[in-house]
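Report on one structure; see the data block that follows.
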Amino acid sequence: MQSDRRSVRGVVDEVRDPERPDAAALLDMAAQEASLLRSGQDWARFLDLAAKHRGYGFAALLLIRASRPDATMLADYDSWRQLGRQVLKGERGIRIVQSNGTRPSTVFDIGQTTAIPSADSWVPGAAPLEPGEALASLSDFAGRLGFPVVRSPYDGVALTVLSNEHGRRFIRVSDHLDDNTAVAAVAHELAHVLLKHPAEAPAVTSPVCRGIAKLQADSVAYLVLRRLSMDAHGIGFPSVSSWAGADPRAPRFGTMLAVGDRVLLTASLVTTHMDSASRTTTDVQQGRTKDVRRAEPDTAQALEATSSAARMRGIHRQAEQFFAAQLKGGWAVPYLGKRGIDAQTARA
Numbered sequence: 000m001q002s003d004r005r006s007v008r009g010v011v012d013e014v015r016d017p018e019r020p021d022a023a024a025l026l027d028m029a030a031q032e033a034s035l036l037r038s039g040q041d042w043a044r045f046l047d048l049a050a051k052h053r054g055y056g057f058a059a060l061l062l063i064r065a066s067r068p069d070a071t072m073l074a075d076y077d078s079w080r081q082l083g084r085q086v087l088k089g090e091r092g093i094r095i096v097q098s099n100g101t102r103p104s105t106v107f108d109i110g111q112t113t114a115i116p117s118a119d120s121w122v123p124g125a126a127p128l129e130p131g132e133a134l135a136s137l138s139d140f141a142g143r144l145g146f147p148v149v150r151s152p153y154d155g156v157a158l159t160v161l162s163n164e165h166g167r168r169f170i171r172v173s174d175h176l177d178d179n180t181a182v183a184a185v186a187h188e189l190a191h192v193l194l195k196h197p198a199e200a201p202a203v204t205s206p207v208c209r210g211i212a213k214l215q216a217d218s219v220a221y222l223v224l225r226r227l228s229m230d231a232h233g234i235g236f237p238s239v240s241s242w243a244g245a246d247p248r249a250p251r252f253g254t255m256l257a258v259g260d261r262v263l264l265t266a267s268l269v270t271t272h273m274d275s276a277s278r279t280t281t282d283v284q285q286g287r288t289k290d291v292r293r294a295e296p297d298t299a300q301a302l303e304a305t306s307s308a309a310r311m312r313g314i315h316r317q318a319e320q321f322f323a324a325q326l327k328g329g330w331a332v333p334y335l336g337k338r339g340i341d342a343q344t345a346r347a
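In case it helps, numbering that gives the first Met the number 0 puts the sequence shown at residues 0 to 347.
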């Protein structure tokens, strides 16, 4: 595996040279890096990387992983300038591309920059949410989506009720769970809701939770917990081949690309809502009022505003177009059907 890793990094080093390969070549490099994700632990480590670098698609994160896996904070050249930092002379950035093959771009790690003496630097401001606050924020988000969270005696952990005998829908969470576990449970169920996972049969009132549907929901919950700096060790993952395909003829990278981008986009929807809750909590804790024009963004939020927000909007628009086009008359619908995703949901 080490030799495979060195070969991928060598190729990505070439990406950063003046002779820049096109988007298709970068996607090929991303596919090579994806082939190194094999075990459930490999998938968890990839999600750890995604938790650090928000706003990037699956292919871009694979290229970051191949080139600079120890990067702590990434932004493009202009975004670093806006944040009062200058990319050091001679530094080579990481060439990345989004999954839809849009024009490649270059990002730099904060370790490749230095503060601009005359510039106003950003000030860390938003404190991480406590587990109880995170649970309240997630519950509020679920309620806005039309799925109020109900804590009640329940033998399991949690489930989503798409419609009960009274036509109501809600997320039921066992009342014996601690806040950390409850956050994971609600995030998991929210993923089912946002990804539109259907009921397994007409008589069943909760979404299917097996195969790729379970993998996606668990991955979203894992990302949410990691971005909140909360314990995610209770979430485990199967081997990648069990859901992406073990047959050499299977379109393994295509499946990983589709699943990975859906997970990343869904987790971003959830954590974006929680960012607003985090800023509100910090304002109250530090005595700010609603008359304050804005709270000082923390480092990640500053990067989100200057570098990632526009990128994420573009990803949302382009991902829908890309995946819809891929599904027409292709292998994806029947292939995903075997893994618990019906045709209507696959095209949603």
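All C-beta atoms, glycine included, are put in the ideal place defined by N, C-alpha and C.
Legend entry - Three-state class that DSSP yields for Pro349 in the structure shown: Given a span of 0 to 347 for the chain in the structure shown, any question on residue 349 remains unanswerable.
Inset, instruction - Just mark Lys88 as buried or exposed, buried being the case when its beta carbon has 16 or more other beta carbons within 10 Å. - result: exposed
Inset, instruction - Count the CB pairs spanning the segment 218 to 233 and the segment 55 to 70 that are closer than 8 Å, and state whether there are at least three. - result: no
Legend entry - Asn99 burial status per 10 Å Cβ neighbour count (16 or more: buried): That one is buried.
Inset, instruction - Closer than 7 Å by C-beta to Ala266: which residues in its own chain qualify, once you throw out the five before and the five after it? Chain order, please. - result: Val219, Leu222 and Val223
Legend entry - Cβ separation of Leu48 and Arg94, assumed to be a contact under 8 Å, to the nearest whole Å: Your pair Leu48 and Arg94 does not check out as a contact, with CB atoms roughly 17 Å apart and the cut at 8 Å.
Legend entry - Where Ser218 falls: helix, strand or coil (DSSP): Under the three-state reduction of DSSP, Ser218 is assigned to helix.
Inset, instruction - Go ahead and pull the three-state DSSP assignment for Ile211. - result: helix
Legend entry - Cutoff 6 Å; reference Ala216; Cβ partners in own chain excluding five residues on either side: His187, Ala190 and His191
Inset, instruction - Could you pull out every residue in the same chain whose Cβ sits closer than 7 Å to the Cβ of Leu268, ignoring the five residues on either side in sequence? - result: Correct list, in chain order: Leu193.
Inset, instruction - Enumerate in chain order the residues of its own chain whose CB-to-CB distance from Ser275 is below 8 Å, with the five nearest sequence positions on each side excluded. - result: none
Inset, instruction - Kindly indicate if chain D contains any beta-carbon less than 9 Å away from that of Ser34. - result: Protein chains in the displayed structure number just one, and chain D is not present.
Legend entry - Alpha-carbon spacing of Pro206 relative to Gly155, whole angstroms: Just so you know, the alpha carbons of Pro206 and Gly155 end up roughly 15 Å apart.
Legend entry - Three-state secondary structure assigned by DSSP to Arg8: Confidence in Arg8 is poor, its pLDDT being 49 and thus under 50, which makes the residue's placement too unreliable to answer from.
Inset, instruction - Please determine, among Ala157, Pro197, Phe169 and Ser136, the residue with the shortest C-alpha to C-alpha distance to Leu176. - result: Of the candidates Ala157, Pro197, Phe169 and Ser136, the one whose C-alpha sits nearest the C-alpha of Leu176 is Ala157.
Legend entry - Range covered by the beta strand (DSSP E) that runs through Arg171: Phe169 to Ser173
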